[in-house]
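Undergrad: Going by this note's numbering, the sequence shown opens with residue 116, and the numbers climb by one from there. Backbone N, C-alpha and C define an ideal beta-carbon position, used for all residues, glycine too.
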Amino acid sequence: MLQCFDQTLRDGFQSIFNVSLDPKGWLQATLPISVGGLGLGTVVDLAPSAFLASAAATVPLQNLLLPRDKIYSDNFRTQVFDGFRTVHGAGICIETRSQKELNAPFISSSVAKLLDLNQSNFDKAKIMAVKSELGSSWLKAVPNSACGTRLDDSCVRVSLGLRLGLPILTEYVCLCGANVEPLGYHGLSCPLGPCRQARHSAMNDFLDRCFQRANIATIKEPTGLMEEGSLRSDGYTISPWAQGRSLAWDVTFPHTMAERYINLTSQEASAAALRAADFKNLKYAALAESKIFQPVCIETFGPTDAQTQSFLNELCSRIVEVSGDPLDKSYVKQFFSILLQKYNSFCIVDGALKYLSVRSV
Numbered sequence: 116m117l118q119c120f121d122q123t124l125r126d127g128f129q130s131i132f133n134v135s136l137d138p139k140g141w142l143q144a145t146l147p148i149s150v151g152g153l154g155l156g157t158v159v160d161l162a163p164s165a166f167l168a169s170a171a172a173t174v175p176l177q178n179l180l181l182p183r184d185k186i187y188s189d190n191f192r193t194q195v196f197d198g199f200r201t202v203h204g205a206g207i208c209i210e211t212r213s214q215k216e217l218n219a220p221f222i223s224s225s226v227a228k229l230l231d232l233n234q235s236n237f238d239k240a241k242i243m244a245v246k247s248e249l250g251s252s253w254l255k256a257v258p259n260s261a262c263g264t265r266l267d268d269s270c271v272r273v274s275l276g277l278r279l280g281l282p283i284l285t286e287y288v289c290l291c292g293a294n295v296e297p298l299g300y301h302g303l304s305c306p307l308g309p310c311r312q313a314r315h316s317a318m319n320d321f322l323d324r325c326f327q328r329a330n331i332a333t334i335k336e337p338t339g340l341m342e343e344g345s346l347r348s349d350g351y352t353i354s355p356w357a358q359g360r361s362l363a364w365d366v367t368f369p370h371t372m373a374e375r376y377i378n379l380t381s382q383e384a385s386a387a388a389l390r391a392a393d394f395k396n397l398k399y400a401a402l403a404e405s406k407i408f409q410p411v412c413i414e415t416f417g418p419t420d421a422q423t424q425s426f427l428n429e430l431c432s433r434i435v436e437v438s439g440d441p442l443d444k445s446y447v448k449q450f451f452s453i454l455l456q457k458y459n460s461f462c463i464v465d466g467a468l469k470y471l472s473v474r475s476v
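Here is the structure:
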């Protein structure tokens, strides 16, 4: 019966989101969001831990309700625990009330199994990247059209496909001459993709609004900051940011799966963002002599370098100081993550539409 329930869940997921789940994709989908999954879970795997945690939590109440002149033994609970401990190890206590703690060995083994099934560099890079904060926060946001946190059906399908490594579109030859695989990665870094500029503008606009919410005056794309007239940062704070110095920032979105980065990102999460940050720091080295320069490097799959992460945390903290709402930090991160998913979808779908338009002509 439990297996039938899980199969119904899987079939329903495929039907609702219009995707085809392979064994690797389904395994990843059942894992918690924090380890790169979707948090679906399976009844077959979660039922024993749910029962044991519930049974342990109600023992004190049972002792109060049942007569004290007789000793009661829960044979069924003991039987379930013995079977659970046989599968997941002897380090589990029958008195544990936390289902999360009971599930920890199972999740660890599932993650190890997922890594064994994903041996290519692209799969390894994807699994590490989607665990990042900006790679996962969109799944925790409340869909609200007025707040801009609602994703349309196509965007959700593409975002799930990227997260789980599922086919998104049919193979075709891009206008730049590259062969586009069903996973759609090429569209995120195609040199002919205009959506990349739109993504950059949208992210920079939101970052500018974040400064405004923190009561920090800014100007976008200022001129005259550097002797090289052709170099302009994406933004500049008119009021001092720290140590009496203003801050200039520049946004970039290195592609996690790009050929020049894949050997790095398959070994270490945020490796592409780190390379991009180093390049930006070198490019604007002259600016950093009199001002604070901040590269904002967010990979297409979500990871950020340590410098960007620290900056975003500080900016969110200043927003919270002004608003007084500690949840604003989560809301800002969620919106960054949602914008990333929206424009990832636009980049992938737009490339396919251009191909179809040319073919029809």
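Suppose you measure from the CA of Leu-298 to the CA of Pro-355; what does that come to, to the nearest Å?
TA: Cα to Cα, the separation comes out at about 44 Å.
Undergrad: Should Asp-189 go down as buried or exposed, given a rule of 16 or more other Cβ atoms within 10 Å for buried?
TA: With fewer than 16 other Cβ atoms within 10 Å, it is exposed.
Undergrad: Would you identify the three-state DSSP class for Pro-297, choosing helix, strand or coil?
TA: In the structure shown, Pro-297 sits in coil (DSSP, three-state: anything other than H, G, I, E or B).
Undergrad: Going by C-alpha to C-alpha distance, which of Ala-403, Ser-432, Phe-451, Ala-388 sits closest to Ala-421?
TA: For the residues Ala-403, Ser-432, Phe-451, Ala-388, the minimum Cα distance to Ala-421 belongs to Ala-388.
Undergrad: Starting from Cys-412, trace the alpha helix (DSSP H) in both directions and tell me its first and last residue.
TA: No alpha helix (DSSP H) contains Cys-412, which is instead part of the beta strand (DSSP E) from 407-412.
Undergrad: Quick one: what's got a C-beta closer than 6 Å to Val-411's C-beta in the same chain, skipping five residues either side?
TA: Around Val-411: Trp-364, Val-366, Thr-423.
Undergrad: Hey, would you say Leu-155 sits closer than 8 Å to Ala-144, going by beta carbons?
TA: Their beta carbons are under 8 Å apart, which means Leu-155 touches Ala-144 by this criterion.
Undergrad: Exposed or buried, Asp-126, counting other C-beta atoms within 10 Å across all chains shown (16 or more means buried)?
TA: Answer is exposed; the Cβ neighbour count stays below 16.
Undergrad: If you follow the beta strand (DSSP E) that Leu-362 is in, where does it begin and where does it stop?
TA: First-last of the beta strand (DSSP E) with Leu-362: 362-367.
Undergrad: Rounded C-beta distance between Leu-275 and Lys-139? I'm assuming under 8 Å.
TA: Contact doesn't hold; Cβ gap of about 14 Å is too wide.
Undergrad: So Leu-249 packs on Lys-448, CB below 8 Å; how close in whole Å?
TA: Leu-249 to Lys-448, Cβ: 7 Å. Contact.
Undergrad: Measure the C-alpha to C-alpha separation of Ile-131 and Asp-268 and round it to an integer number of angstroms.
TA: About 9 Å.
Undergrad: Considering only residues of the same chain and omitting the five flanking positions on each side of Ala-392, which have a CB-CB separation below 6 Å?
TA: Closer than 6 Å at Cβ, skipping near neighbours: Pro-410, Cys-412, Asp-420, Gln-422.
Undergrad: Output yes or no for whether 8 Å exceeds the beta carbon distance between Leu-281 and Leu-430.
TA: Their beta carbons are not under 8 Å apart, which means Leu-281 does not touch Leu-430 by this criterion.
Undergrad: Pick helix, strand or coil for Thr-211, following the three-state DSSP scheme.
TA: Note: Thr-211 maps to coil in three-state DSSP.
Undergrad: Would you mind working out which of Tyr-399, Glu-216, Phe-221 sits nearest Thr-201, comparing C-alpha positions?
TA: Cα-wise, what sits closest to Thr-201 is Phe-221.
Undergrad: What does Ala-357 pair with, by DSSP beta-bridge criteria?
TA: DSSP lists Arg-360 as partners of Ala-357.
Undergrad: How big is the Cα-Cα spacing for Ala-400 and Ile-334?
TA: Near 20 Å, if we compare the C-alpha coordinates of Ile-334 and Ala-400.
Undergrad: Taking only three categories from DSSP, how would you classify Lys-335?
TA: Strand, per DSSP.
Undergrad: When you compare only the Cα positions, how much space is there between Gly-83 and Ala-244?
TA: Because the chain here runs from 116 to 476, residue 83 falls outside it and cannot be looked at.
Undergrad: Return yes when the Cβ of Leu-181 is within less than 8 Å of the Cβ of Lys-457, no when it is not.
TA: No, they are not a contact pair.
Undergrad: Identify which residue in Lys-398, Ile-331, Arg-347, Phe-191 has its Cα closest to the Cα of Val-437.
TA: With distances taken between Cα atoms, Val-437 lies closest to Ile-331.
Undergrad: Please report the straight-line C-alpha distance between Pro-337 and Ala-403, rounded to a whole angstrom.
TA: Near 15 Å, if we compare the C-alpha coordinates of Ala-403 and Pro-337.
Undergrad: Excluding the 5 residues preceding and the 5 following Trp-141 in the sequence, name in chain order all residues of the same chain whose CB lies nearer than 7 Å to its CB.
TA: The answer, listed in chain order, is Arg-125.
Undergrad: Can you give the beta carbon distance from Ile-407 to Leu-362, rounded, assuming they're within the 8 Å contact cut?
TA: Contact holds; Cβ gap of about 4 Å.
Undergrad: Of the choices Leu-153, Ala-373, Ile-353, whose alpha-carbon is the least far from that of Cys-477?
TA: Outside the shown range of the chain (116 to 476) lies residue 477, about which nothing can therefore be said.
Undergrad: Which residue comes first and which comes last in the alpha helix (DSSP H) that contains Gly-276?
TA: That run of the alpha helix (DSSP H) goes 268-279.
Undergrad: For a quick check, are the C-beta atoms of His-301 and Cys-289 less than 8 Å apart?
TA: Yes. Within cutoff.
Undergrad: Could you check if Gly-198 is buried or exposed, using at least 16 other CB atoms within 10 Å of its CB as the buried criterion?
TA: Burial call: exposed.
Undergrad: Skipping 5 residues on each side, what residues in its chain have a beta carbon closer than 6 Å to that of Leu-379?
TA: If we look at Leu-379 and ignore the five residues flanking it on each side, its Cβ neighbours are Ala-386.
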